[in-house]
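Visitor:
Residue numbers (our numbering): 1 to 287.
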């Protein structure tokens with residue numbers, strides 16, 4: 001999917017909602033758990049109920065991989081069922097030496113046909129490059145995540161001595177002063193691709209950091225988890241994270257898909273998704 005197509009979907013639906021299909025078979029309504037294809041049936045009903053309110057679906061692959069072959073089949077069927085105008089994300093957090101990453105890219109971009117995949121950048125450019133080589137596919141790099149342990153490494157202060165020979169670029173971090181590790185990661189990775197094929201994960205629980213991140217990467221899209229059960233504020237992340245093209249996909253998973261444990265789960269999921277969409281439409285409206 002191209003950047004322009006994604007922007008058009010956001011404008012048409014007045015939404016930048018991404019619904020996370022992090023489907024745990026033990027948490028879906030009990031009446032469905034005996035279904036021969038329970039995960040896909042649950043996902044199918046969620047998609048039918050929310051597809052006009054969101055622009056993206058994110059599948060956390062761990063929930064499917066844990067089920068073995070049956071889980072991979074459910075994931076493939078789910079991706080195939082999602083309407084083509086939606087931006088599909090494999091939340092797989094891959095990243096390895098080049099030839100291994102090439103196989104991951106082939107699996108998720110060619111076989112499963114996702115539009116995007118989340119990638120951990122710790123092993124450096126050669127571990128990310130194979131994903132960036134695909135046309136009209138997106139690499140979503142972990143920048144500042146929303147989990148509690150993010151501060152263990154991402155908020156470490158470092159001196160970027162290796163970069164001191166480079167000229168200063170307006171908006172990017174200053175290599176002559178201490179910066180957080182996540183800032184260095186975002187700044188460096190942003191050079192490997194462009195706003196046409198690179199996004200960054202930026203957790204909603206870190207809304208106070210959004211303004212500085214936007215200064216560094218004004219044009220890139222941000223994938224924003226952490227709104228909903230993790231306590232992130234949609235108003236705050238929209239205030240500091242949006243750019244002229246919106247430039248954000250805000251993910252909500254549990255708050256939507258587990259809105260009800262009963263047979264009305266799809267109806268309740270739609271109601272929560274509609275609340276997000278209505279609030280987003282306000283932030284997208286010209287001031």
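Yeah, the Cβ is synthetic: ideal placement off N, Cα and C, and Gly gets one too.
Which term fits residue 276, buried or exposed, when burial requires 16 or more other beta carbons within 10 angstroms of its beta carbon?
Guide: buried
Visitor: Which residue marks the beginning of the alpha helix (DSSP H) containing residue 71, and which one marks its end?
Guide: 69-81
Visitor: Would residue 19 and residue 61 be called neighbours here (beta carbons separated by less than 9 Å)?
Guide: no
Visitor: Under 8 Å by Cβ, that's how I've got residue 113 and residue 141 pegged, so tell me the actual separation to the nearest angstrom.
Guide: Residue 113 to residue 141, Cβ: 21 Å. No contact.
Visitor: Looking only at C-alpha atoms, which of 70, 52, 43, 107 sits nearest to residue 58?
Guide: 43
Visitor: Would you mind working out which of 221, 37, 156, 101 sits nearest residue 131, comparing C-alpha positions?
Guide: 101
Visitor: Can you tell me whether DSSP reads residue 132 as helix, strand or coil?
Guide: helix
Visitor: Figure out for me which residue from 268, 267, 263 has the closest Cα to the Cα of residue 31.
Guide: 263
Visitor: When you compare the CB positions of residue 4 and residue 284, do they come within less than 9 Å of one another, or not?
Guide: no
Visitor: Which of the three DSSP states is assigned to residue 21 in this structure?
Guide: coil
Visitor: DSSP beta-bridge partners for residue 246?
Guide: 243
Visitor: Based on DSSP bridge pairs, tell me the residues matched to residue 58.
Guide: 20, 89
Visitor: Evaluate residue 83 with the Cβ neighbour count: other Cβ atoms within 10 Å of its Cβ, from every protein chain shown; 16 or more gives buried, anything less gives exposed.
Guide: exposed
Visitor: From residue 104 to residue 90, what distance separates their C-alpha atoms?
Guide: 11 Å
Visitor: To the nearest angstrom, report how far apart residue 148 and residue 205 are at their CA atoms.
Guide: 9 Å
Visitor: Looking only at its chain, what residues have a beta carbon closer than 7 Å to the beta carbon of residue 9, apart from the 5 residues adjacent to it on each side?
Guide: 55, 85
Visitor: How far does the alpha helix (DSSP H) with residue 98 in it extend, from its first residue to its last?
Guide: 98-105
Visitor: Taking the straight line between their C-alpha atoms, what separation do you get for residue 181 and residue 200?
Guide: 14 Å
Visitor: Taking all protein chains shown into account, do 16 or more other C-beta atoms lie within 10 angstroms of the C-beta of residue 127, making it buried, or fewer, making it exposed?
Guide: So residue 127 counts as buried.
Visitor: Give me the Cα-Cα distance between residue 25 and residue 38, rounded to the nearest whole angstrom.
Guide: 7 Å
Visitor: Excluding sequence positions up to five away, which residues of its chain have a Cβ less than 7 Å from the Cβ of residue 27?
Guide: 258
Visitor: Since residue 280 and residue 14 are thought to touch, with beta carbons under 8 Å apart, how far apart are those beta carbons, to the nearest angstrom?
Guide: Going by Cβ atoms, the distance from residue 280 to residue 14 rounds to 7 Å, so yes, they are a contact pair.
Visitor: Counting only beta-carbon atoms, is residue 26 nearer than 9 Å to chain C?
Guide: This model lacks chain C altogether; it includes just one protein chain.
Visitor: On the DSSP bridge assignment, give the partners of residue 232 in chain order.
Guide: 227
Visitor: Starting from residue 256, trace the alpha helix (DSSP H) both ways and give me its first and last residue.
Guide: 254-257
Visitor: By DSSP, does residue 26 sit in helix, in strand, or in coil?
Guide: coil
Visitor: So, using beta-carbon positions, are residue 97 and residue 108 closer together than 9 Å?
Guide: no
Visitor: Give the C-beta separation of residue 150 and residue 203 to the nearest angstrom, bearing in mind that I take them to be a contact with Cβ-Cβ under 8 Å.
Guide: 7 Å
Visitor: Would you mind listing the alpha helix (DSSP H) stretches within the stretch 184-219 that are 4+ residues and don't spill past its ends, in chain order?
Guide: List check, alpha helix (DSSP H) in window: 210-216.
Visitor: I need the boundaries of the alpha helix (DSSP H) containing residue 273, first residue and last residue.
Guide: 265-284
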